[in-house]
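**Student:**
Residue numbers (our numbering): 396 to 972.
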């Protein structure tokens, strides 16, 4: 028994050292060190072996802690890179517009209202202490304030962090300009998606320039001291022009029903009870699934094993509906049965970027497609949770599955860290790679669009939504909201809203309207001011007009679409009731 503990300690120590970079070595090392110490305490034999076991185990434990620190820092830098990436931001359209008023209280207790600073140039810097580019810019702002009279220029830093965190940082870095800890900001300041973001406002209150990302001192100084805006300023930014054509037979969005589910966090549609008609499925943060009819009545509520921010309904030919649930960068996709019970889960060491159902072999049962973070690539998983195949792609942002149908093979679309769109067959073989319009793509969706099995995909790149086929041929494009982290959200929905067997697309246009459009690029309808919607889905039963359901801050709104007045000019007038 004694020598057995020594051997076990040594073996675990060796394995733990080898596995320390996976962090698993820490647990093995802890066990190995305990076994070795027990042996040394109770047995006089095999002490050398036990000492080696304890030594290696302790070494692996320290190494695992070190790797854990490195991985954590890398993850924080990755998050910071996402927050500060990109060349533009949706707020940049406010250049040349009179800055909307803003009132806040600085950390030294002074209340500042932006309009009271007219006659001075104002620099607003939106930043955070954890953001490396933000910290790199701070000495430039300190130098700028030192060189410029406060009668001519005011620099103000705005952060969403706590006052305690900011006070410590300000003291350590000698910041000589006012800083405010902001809560919820009014528009357009609430649309700032990347930091640092710096607004340069002239003496008349006009936003002259908006910088996103790090800039050196010379750039900051030149914009902080430039001449006032020339010409007549705008009161509102110009909305981007739609690239969609006008449909001669538009639709009118009519609010069919609305309800609120506190803490609602995820939304999908699917035939949950196998009656031939889909239900609306809503998961909340209390680990509950709410099953709603197409009329908005709650048919069922059941418990889930966890809280999810994304869900999707699939089907097993023998066992009925299945639900997948996950959260971006979470470490597993959970698969649940019709009663909300976990059947199996599929894990990811560095996090899940996306997961979707799709029947790859045409047998009536959906397989699972998972896109991995951290270089994990694209995985196909069988209906019982076993790896079917995987493709090394690096980070896989979004995925979409076209299921096998009527002898037509399945297709898988994916976007990856390089920004290209890749198309795979059902066995994971690469069919082709392309970049629609030469743009970097992250957000992606795909669907069959007609009864003949035609395929269309939508992707977003450089504030442009593009529609294309599996060959990469672009059919049309229009404006999109610039959102660097948008791949983590629902961006597109497809379904039959007209009841004619075809499918329409729903997506956010650059104006912030939720647009319904045909696969040919014709706008049928627009629901105004839907930016900030957390999810939306189209649900339709065969032969009937579908509904479009949106989720925003726990509020569900369902729209049906009635025929509108024929269009006789180039502009389409759409209202909601």
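Backbone N, C-alpha and C fix where the C-beta goes; we use that ideal spot for every residue, glycine too.
(1) Spell out a yes or no on whether the stretch 871 to 886 and the stretch 688 to 701 are touching, meaning 3 or more CB-CB pairs, one atom from each, closer than 8 Å.
(2) In chain order, what are the residue ranges of uninterrupted beta strand (DSSP E) at least 3 long that sit wholly in the stretch 488 to 521?
(3) Classify residue 853 as buried or exposed, calling it buried when 16 or more other Cβ atoms lie within 10 Å of its own Cβ.
(4) Starting from the C-beta of residue 405, find all residues in its chain whose C-beta is less than 6 Å away, skip the five residues before and the five after it, and write them out in chain order.
(5) Can you give the Cα-Cα distance for residue 439 and residue 457, rounded to whole angstroms?
(6) Note down the Cα distance separating residue 684 from residue 532, rounded to an integer number of angstroms.
(7) Can you check which of these residues, 527, 946, 552 and 507, is closest to residue 886 by C-alpha distance?
(8) Using the three-state DSSP reduction, which class does residue 680 fall into: helix, strand or coil?
(9) Taking the beta strand (DSSP E) that residue 604 falls in, what are its first and last residues?
(10) To the nearest angstrom, report how far apart residue 626 and residue 598 are at their CA atoms.
(11) If I'm right that residue 581 touches residue 492 with Cβ under 8 Å, what's the distance once you round it to whole angstroms?
(12) Based on the DSSP secondary-structure assignment, which residues constitute the bridge partners of residue 751?
(13) Roughly how many angstroms separate the alpha carbons of residue 771 and residue 784, rounded to a whole number?
(14) So, with DSSP's three-state summary, where would you put residue 475?
(15) When the Cα atoms are used, what is the spatial distance from residue 433 to residue 400?
(16) Can you grab the Cα-Cα spacing for the pair residue 727 / residue 851, in whole Å?
(17) Ignore the nearest five residues each way along the sequence and tell me which others in residue 776's own chain have a CB closer than 7 Å to its CB.
(18) For the beta strand (DSSP E) containing residue 549, list its first residue and its last residue.
(19) Where residue 812 and residue 507 are concerned, what is the direct C-alpha to C-alpha distance, given to the nearest angstrom?
(20) Just to confirm, is the Cβ distance from residue 689 to residue 672 under 9 Å?
(21) For the pair the stretch 911 to 928 and the stretch 699 to 719, tell me if three or more CB-CB distances fall below 8 Å.
(22) Could you tell me whether the Cβ atoms of residue 588 and residue 934 are closer together than 9 Å?
(23) Expressed to the nearest angstrom, what Euclidean distance is found between the alpha-carbon atoms of residue 436 and residue 786?
(24) Do residue 497 and residue 616 have their C-beta atoms within less than 9 Å of each other?
(25) Comparing C-alpha positions only, which one of 398, 815, 760 and 670 sits nearest to residue 827?
(26) Would you say residue 513 and residue 547 are within 9 Å of each other, going by their C-beta atoms?
(27) Going by C-alpha distance, which of 534, 487, 542 and 551 is nearest residue 518?
(28) I need the DSSP call for residue 584, collapsed to helix, strand or coil.
(29) In this structure, how does DSSP classify residue 560 when only helix, strand and coil are distinguished?
(30) Pull up the distance between the alpha-carbon of residue 845 and that of residue 803, whole angstroms please.
(31) DSSP three-state call for residue 942: helix, strand or coil?
(32) Is it true that the CB of residue 849 sits closer than 9 Å to the CB of residue 888?
(33) Just tell me which of 917, 824 and 758 has its CA closest to the CA of residue 774.
(34) Go through the stretch 639 to 697 residue by residue and report every complete run of the beta strand (DSSP E) that reaches 3 residues or more, in order.
(35) Assign residue 544 to one of two classes, buried (16 or more other C-beta atoms within 10 Å of its C-beta) or exposed (fewer than that).
(36) Distance check for residue 454 and residue 495, CA to CA, integer angstroms please.
**Tutor:** Quick look at the numbers:
(1) No, the stretch 871 to 886 is not in contact with the stretch 688 to 701.
(2) Here the runs fully enclosed are 498 to 500, 506 to 508 and 516 to 521.
(3) By the beta-carbon neighbour count (other beta carbons within 10 angstroms, threshold 16), residue 853 is buried.
(4) Within the same chain, residue 405 has close Cβ partners 444, 447 and 448.
(5) Between residue 439 and residue 457, the C-alpha separation is close to 27 Å.
(6) The straight-line gap separating the alpha-carbon atoms of residue 684 and residue 532 is approximately 46 Å.
(7) Ranking the options by Cα distance to residue 886, first place goes to 946.
(8) Correct three-state label for residue 680: coil.
(9) Taken as a continuous stretch (DSSP letters only), the beta strand (DSSP E) holding residue 604 covers 602 to 607.
(10) Rounded to whole angstroms, residue 626 and residue 598 show a C-alpha spacing of 14 Å.
(11) Actually they are not in contact, since the Cβ atoms of residue 581 and residue 492 sit about 14 Å apart, beyond 8 Å.
(12) Under DSSP, residue 751 takes part in a beta bridge, and its partners are 764.
(13) Residue 771 and residue 784: Cα-Cα distance of roughly 12 Å.
(14) Confidence at residue 475 is low in this model, with a pLDDT of 44, below 50, so its placement is unreliable and the value that follows should be read with caution. DSSP places residue 475 in the helix class (H, G or I) of the three-state scheme.
(15) If you draw a straight line from the Cα of residue 433 to the Cα of residue 400, it is about 8 Å long.
(16) Spanning the two alpha carbons is a distance of roughly 29 Å.
(17) Same-chain partners within the cutoff: 741, 762, 763, 765, 782 and 783.
(18) Where residue 549 is concerned, the enclosing beta strand (DSSP E) stretches over 548 to 554.
(19) C-alpha separation (whole angstroms): 42 Å.
(20) Their beta carbons are under 9 Å apart, which means residue 689 touches residue 672 by this criterion.
(21) Contact check between the stretch 911 to 928 and the stretch 699 to 719: fewer than three CB pairs, one atom from each, fall below 8 Å, which does not count as touching.
(22) In this structure, residue 588 keeps its C-beta atom at 9 Å or more from the C-beta atom of residue 934.
(23) Taking the straight line from one Cα to the other gives about 50 Å.
(24) No, the pair does not count as a contact, with Cβ atoms beyond the cut-off.
(25) Ranked by Cα distance from residue 827, the options 398, 815, 760 and 670 are led by 815.
(26) Result no, Cβ atoms of residue 513 and residue 547 do not sit closer than 9 Å.
(27) Nearest of 534, 487, 542 and 551 to residue 518, Cα basis: 551.
(28) Collapsing the DSSP output to three states places residue 584 in a helix.
(29) Helix at residue 560.
(30) In this structure, the alpha-carbon of residue 845 lies about 14 Å from that of residue 803.
(31) Strand, per DSSP.
(32) By the CB criterion at 9 Å, residue 888 and residue 849 fall outside the cutoff.
(33) Restricting attention to 917, 824 and 758, the CA atom closest to the CA of residue 774 is found in 824.
(34) Runs of the beta strand (DSSP E) inside the stretch 639 to 697: 646 to 655, 659 to 665, 674 to 679 and 683 to 687.
(35) Residue burial is scored here from C-beta neighbours: residue 544 has fewer than 16 other C-beta atoms within 10 angstroms and is therefore classed as exposed.
(36) C-alpha separation (whole angstroms): 58 Å.
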